[in-house]
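Peer 1:
In our numbering, the protein residues as written are 5 to 336.
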């Protein structure tokens, strides 16, 4: 399946008082049409920065380079700001960790939903357009699993539960039927039942609408069964990527293995069990290690790790490690 989002060797440097810092280091990611691709990494790993680069939310102090940053047949880096806004505004949308950043606290939900519906989708005289907008808004709520539309549309954002507020933000994001939805940690701090509702909703949207979804999370327990592919990022470097089931069952990279061990994914642990962790701490931007940035924390690191490993391909999995956990003949 060909990629509609194709990112090759994307780097982002930030200008600081101590000189430029490369926060995203030659990162690769491919996303196919209708696919759910999960991007996993700890806080500060560059996940949200990648999302902003895709959408064009670019700070003038950033220096962005890439061999390829393509969306469908568009070279995003070759477009000017106006062209970029047209493409991303038409084809892409994003939902955020905190719905309050997306919803206006001073306006009712119904008004905000109606405002999110593109003007170009409406026709006729004013009263007809107004009625059509109301109908479209109600349909959007139905699509995200909200049945009591009249009640919800009369509420203000502070009157919504966190799960309901996130469903509203999803409804607004999909109002123009985007081809790509970026979900930036959409269920952080939610109760398990609410989290499950949001995951099922996103999976349903992908399956029924053919929408591609880039799911961003720092928690492997948040990887849903419908996720076809997964990528793990650490300090701006791609560690491992491939089919979700294969990567999570038989990882090549020590970082993937450590993240699996730190999560409760497929584990039964007694209360107060101490979970295994990587030694050391995530480096600051000003003190990034040379070579493989996991090196100082990796139990398998050797002198070769002061050099940056390229990507090694084994079947459908790619990883960046000189000393993988499995040898080539282990691949089935």
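Think of the CB as a built atom: it goes at the ideal place given N, C-alpha and C, for glycine as much as any other residue. Bear in mind the structure is a predicted one, so any value in this text is a computation, not a measurement.
Between which two residues does the beta strand (DSSP E) harbouring residue 249 extend?
Peer 2: Unbroken run through residue 249 is the alpha helix (DSSP H), 248–253; no beta strand (DSSP E).
Peer 1: Could you check what DSSP says for residue 27 in three-state terms: helix, strand or coil?
Peer 2: In the structure shown, residue 27 sits in a strand (DSSP, three-state: E or B).
Peer 1: Helix, strand or coil for residue 189? Go by DSSP, reduced to three states.
Peer 2: Residue 189: coil per DSSP, three-state reduction.
Peer 1: Pull the bridge partners of residue 98 from the DSSP assignment, please.
Peer 2: According to DSSP, residue 98 bridges with 186.
Peer 1: Assuming residue 235 is part of the beta strand (DSSP E), what are its boundary residues?
Peer 2: Taken as a continuous stretch (DSSP letters only), the beta strand (DSSP E) holding residue 235 covers 233–238.
Peer 1: Using the Cα positions of residue 91 and residue 55, report the straight-line distance between them to the nearest angstrom.
Peer 2: Distance between the alpha carbons of residue 91 and residue 55: 15 Å.
Peer 1: Whose C-beta lies closer than 7 Å to the C-beta of residue 47 among residues of the same chain, with five residues either side of it excluded?
Peer 2: These residues qualify, in order along the chain: 222.
Peer 1: Which runs of the alpha helix (DSSP H) spanning at least 4 residues fall entirely within the segment 42–119, listed in chain order?
Peer 2: If we require 4 residues or more, the alpha helix (DSSP H) runs fully inside the segment 42–119 come out as 51–59 and 85–95.
Peer 1: Check residue 163 in the structure and name its three-state DSSP category.
Peer 2: DSSP places residue 163 in helix when its eight states are reduced to three.
Peer 1: In three-state DSSP terms, what is residue 15?
Peer 2: Strand, per DSSP.
Peer 1: Would the C-beta of residue 251 count as close to the ligand GDP, meaning under 8 Å from any of its heavy atoms?
Peer 2: As presented, the structure is devoid of all ligands, the ligand GDP included, so that no description of it is given.
Peer 1: May I ask you to report which of helix, strand or coil DSSP gives residue 174?
Peer 2: Correct three-state label for residue 174: helix.
Peer 1: Sort out for me which residues DSSP pairs residue 198 with in a bridge.
Peer 2: DSSP, once it has assigned bridges, lists no residue as partnering residue 198.
Peer 1: Quick check on this structure: which residue in 171, 82 and 74 has the alpha carbon closest to the alpha carbon of residue 117?
Peer 2: Checking every option, the nearest Cα to that of residue 117 belongs to 171.
Peer 1: What is the DSSP secondary structure of residue 146, counted as helix, strand or coil?
Peer 2: Helix, per DSSP.
Peer 1: Going by DSSP, what residue range makes up the beta strand (DSSP E) through residue 219?
Peer 2: Per DSSP, residue 219 belongs to the beta strand (DSSP E) from 216–221.
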